[in-house]
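Asker: Quick one: this structure, given as structure tokens, is what I'll be asking you about.
2 protein chains.
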Amino acid sequence: MKFSPLVDELIQAFKVLPGVGPKSAQRMAFQLLERQRAGGMKLGRALDAAMTQVDHCRDCRTFTEEELCSICASPRRGEARQLCVVESPADVLAIEASGHYSGKYFVLMGHLSPLDGIGPDDLGLDILAKRLASGDVSELILATNPTVEGEATAHYIAELAKQHELKVSRIAHGVPVGGELEYVDGTTLALSFSGRQQV
Amino acid sequence: MKFSPLVDELIQAFKVLPGVGPKSAQRMAFQLLERQRAGGMKLGRALDAAMTQVDHCRDCRTFTEEELCSICASPRRGEARQLCVVESPADVLAIEASGHYSGKYFVLMGHLSPLDGIGPDDLGLDILAKRLASGDVSELILATNPTVEGEATAHYIAELAKQHELKVSRIAHGVPVGGELEYVDGTTLALSFSGRQQV
Numbered sequence: 022m023k024f025s026p027l028v029d030e031l032i033q034a035f036k037v038l039p040g041v042g043p044k045s046a047q048r049m050a051f052q053l054l055e056r057q058r059a060g061g062m063k064l065g066r067a068l069d070a071a072m073t074q075v076d077h078c079r080d081c082r083t084f085t086e087e088e089l090c091s092i093c094a095s096p097r098r099g100e101a102r103q104l105c106v107v108e109s110p111a112d113v114l115a116i117e118a119s120g121h122y123s124g125k126y127f128v129l130m131g132h133l134s135p136l137d138g139i140g141p142d143d144l145g146l147d148i149l150a151k152r153l154a155s156g157d158v159s160e161l162i163l164a165t166n167p168t169v170e171g172e173a174t175a176h177y178i179a180e181l182a183k184q185h186e187l188k189v190s191r192i193a194h195g196v197p198v199g200g201e202l203e204y205v206d207g208t209t210l211a212l213s214f215s216g217r218q219q220v
Numbered sequence: 022m023k024f025s026p027l028v029d030e031l032i033q034a035f036k037v038l039p040g041v042g043p044k045s046a047q048r049m050a051f052q053l054l055e056r057q058r059a060g061g062m063k064l065g066r067a068l069d070a071a072m073t074q075v076d077h078c079r080d081c082r083t084f085t086e087e088e089l090c091s092i093c094a095s096p097r098r099g100e101a102r103q104l105c106v107v108e109s110p111a112d113v114l115a116i117e118a119s120g121h122y123s124g125k126y127f128v129l130m131g132h133l134s135p136l137d138g139i140g141p142d143d144l145g146l147d148i149l150a151k152r153l154a155s156g157d158v159s160e161l162i163l164a165t166n167p168t169v170e171g172e173a174t175a176h177y178i179a180e181l182a183k184q185h186e187l188k189v190s191r192i193a194h195g196v197p198v199g200g201e202l203e204y205v206d207g208t209t210l211a212l213s214f215s216g217r218q219q220v
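From first to last, the protein sequence lines are chains A and B. Oh and the first sequence: position 176 is 197 in this note's numbering, straight run, nothing missing. Oh and the second sequence: position 145 is 166 in this note's numbering, straight run, nothing missing.
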């Protein structure tokens with residue numbers, strides 16, 4: 022015995038979401054059918070609109086339905102000559118929220134991962150190379166995640182930037198503010214020592 | 022700074038799902054946009070179809086887009102005079118999978134919960150009362166969850182059925198098969214003793 026075709030189809034369709042298995046999918050479908058029809062309709066319309074209209078920003082590759090995203094299109098950033106490389110649009114949001122950086126971004130939409138078949142071209146590094154060659158960029162800030170893949174990606178891009186004789190920097194690794202030294206892992210602590218700055 | 026309008030709308034819309042907060046919603050949106058456009062489109066269509074077309078079965082109240090669900094419409098069950106009351110369509114699926122019951126069902130779509138404003142009419146108990154009065158039912162099996170609310174709901178329905186002088190039974194509580202006595206809670210163990218059957 023199975024649920025009726027439309028209900029079953031909905032449950033199967035939910036399983037495309039990350040972290041959603043058969044049980045969660047079923048719970049989501051029942052919750053929407055029983056209590057949130059309006060919300061479900063809205064989600065359906067939002068999905069349809071986003072999946073068909075959202076594409077990558079021409080300059081920075083973040084998600085946007087316009088040709089340029091709001092940051093790349095902003096006149097205030099027009100003269101910025103710093104370019105910050107991040108892995109995902111969420112990282113852009115986090116850096117913008119910190120309020121300290123006012124340059125432009127380049128979003129890789131992932132990291133180098135040869136085993137998964139993700140090479141330089143999948144991350145748009147050909148577009149990045151053109152942009153570095155154009156001479157609009159004076160400093161490249163590598164803000165990929167401090168993971169093995171993120172570090173490898175940063176290293177690859179650093180090599181690329183050196184060909185264009187650009188200033189390249191990597192964001193600092195060290196003890197996070199508010200953390201306690203006792204609970205910080207050894208690698209981070211070692212990096213916080215090797216990256217110490219004179220007071 | 023926010024994401025572009027369509028992306029932001031999609032992230033907000035995902036938050037309608039149970040157990041999905043801002044971070045999960047963002048992850049789901051990015052995953053679909055980056056890697057699963059086809060799956061996202063399919064989910065959008067499935068949502069649209071289910072939200073507009075799925076309604077309750079006329080007889081048992083489970084979800085279906087037909088007037089009667091597959092069980093109520095089955096000729097094999099036409100003469101069944103047992104009616105099993107459960108809380109959700111998923112319970113019907115679980116009981117069907119056990120292969121032991123061949124009667125009909127009545128799905129409450131929840132349980133009595135006065136604090137949340139869920140009363141007898143919200144569970145379709147008026148429909149159930151009519152069905153019991155029709156004389157088509159010879160035995161009512163109460164298979165609501167063994168929780169406080171489930172027990173209260175079962176008790177309420179038992180009283181209702183007694184007005185029609187029907188045989189009413191409650192599924193057995195006891196030690197689950199494959200479990201170890203040592204790890205079974207006290208209430209369940211007590212119930213397994215009071216409900217013991219002669220060998």
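Beta carbons are placed, not taken as given, at the ideal position from N, Cα and C, and that holds for glycine. Computed from a predicted structure; not experimentally measured.
If you count every other CB in all the chains shown that lies within 10 Å of the CB of B/THR85, and 16 or more means buried, which is it?
Answerer: Position 64 of the second sequence, counting from 1, holds the residue named residue 85 of chain B. So B/THR85 ends up on the buried side.
Asker: Quick check: is the beta carbon of B/ARG48 nearer than 9 Å to any beta carbon in chain A?
Answerer: Working through the second sequence from its first residue, we reach residue 48 of chain B at position 27. So yes, B/ARG48 belongs to the interface.
Asker: Along the chain, where does the beta strand (DSSP E) containing A/LEU161 start, and where does it finish?
Answerer: By 1-based counting over the first sequence, the position of residue 161 of chain A is 140. For A/LEU161, the uninterrupted beta strand (DSSP E) run begins and ends at 160-163, by DSSP.
Asker: Nearest chain A C-beta to B/ALA70 closer than 9 Å, yes or no?
Answerer: Position 49 of the second sequence, counted from the first residue, corresponds to residue 70 of chain B. Output row for B/ALA70: interface = yes.
Asker: What does A/LEU31 reach in chain B if we use C-beta pairs closer than 9 Å?
Answerer: In the first sequence, residue 31 of chain A corresponds to position 10, counting from 1. Those are LEU64, ALA67, LEU68, ALA70, ALA71, MET72, VAL75, listed as they occur along chain B.
Asker: Just to confirm my understanding: we take B/TYR177, look at its own chain, exclude 5 residues before and 5 after, and list those with CB closer than 8 Å. What are they?
Answerer: Your numbering for residue 177 of chain B matches position 156 in the second sequence. Result list for B/TYR177: LEU133, PRO141, LEU146, in chain order.
Asker: If you measure beta-carbon to beta-carbon, which residues of the region 93-115 of chain B are closer than 9 Å to chain A?
Answerer: SER109, PRO110, ALA111, VAL113, LEU114
Asker: Go to B/VAL107, then tell me how far its beta strand (DSSP E) extends in each direction, as first and last residue.
Answerer: As a first step, residue 107 of chain B must be located in the second sequence, where it is residue number 86. Where B/VAL107 is concerned, the enclosing beta strand (DSSP E) stretches over 103-107.
Asker: Which residues in the same chain have their Cβ closer than 7 Å to the Cβ of A/CYS90, if we skip the five residues on either side of it in sequence?
Answerer: Position 69 of the first sequence, counted from the start, is the residue given in the question as residue 90 of chain A. Only residues of its own chain outside the window of five on either side were considered, and among them CYS78, CYS81, THR83 have a CB closer than 7 Å to the CB of A/CYS90, listed in chain order.
Asker: Report the partner residues of B/SER95 according to the DSSP bridge assignment.
Answerer: By 1-based counting over the second sequence, the position of residue 95 of chain B is 74. Paired residues: none, contrary to the question.
Asker: What are the start and end residues of the beta strand (DSSP E) that includes B/TYR126?
Answerer: Residue numbering aside, residue 126 of chain B sits at position 105 when the second sequence is read from its first letter. It spans 125-128 - the beta strand (DSSP E) in which B/TYR126 sits, taken as one unbroken run.
Asker: For a contact defined as C-beta to C-beta under 7 Å, what are the partners of A/PRO39 on chain B?
Answerer: Sequence index remark: in the first sequence, residue 39 of chain A carries index 18 (1-based). Correct list: ARG48, MET49, GLN52.
Asker: Return the residues of the region 200-220 of chain A that lie within a Cβ-Cβ distance of less than 8 Å from chain B, sorted by chain order.
Answerer: none
Asker: What is the residue span of the alpha helix (DSSP H) that A/ARG183 lies within?
Answerer: Sequence index remark: in the first sequence, residue 183 of chain A carries index 162 (1-based). The residue asked about is misnamed: residue 183 of chain A is Lys in this sequence, not Arg. Segment 169-184, the alpha helix (DSSP H) holding A/LYS183.
Asker: Let me confirm a value: B/VAL128 is counted as buried when at least 16 other C-beta atoms fall within 10 Å, else exposed. Which label applies?
Answerer: The residue you call residue 128 of chain B lines up with position 107 of the second sequence. Buried.
Asker: Check whether the region 152-170 of chain B and the region 183-192 of chain B touch, using three or more Cβ-Cβ pairs below 8 Å as the test.
Answerer: yes
Asker: Rounded to whole angstroms, how far is the Cβ of B/LYS63 from the Cβ of A/ALA34, which I believe are closer than 8 Å?
Answerer: By one-based count along the second sequence, residue 63 of chain B stands at place 42. By one-based count along the first sequence, residue 34 of chain A stands at place 13. Yes, they are in contact, since the Cβ atoms of B/LYS63 and A/ALA34 sit about 5 Å apart, within 8 Å.
Asker: Using the three-state DSSP reduction, which class does B/THR208 fall into: helix, strand or coil?
Answerer: On the second sequence, position 187 is the one that residue 208 of chain B refers to. In this structure, B/THR208 counts as helix in the three-state DSSP scheme.
Asker: At a CB-CB cut-off below 7 Å, which residues of chain B make contact with A/ARG58?
Answerer: Mapped onto the first sequence, residue 58 of chain A falls at position 37. Near A/ARG58 (Cβ distances below 7 Å), the residues of chain B are MET72.
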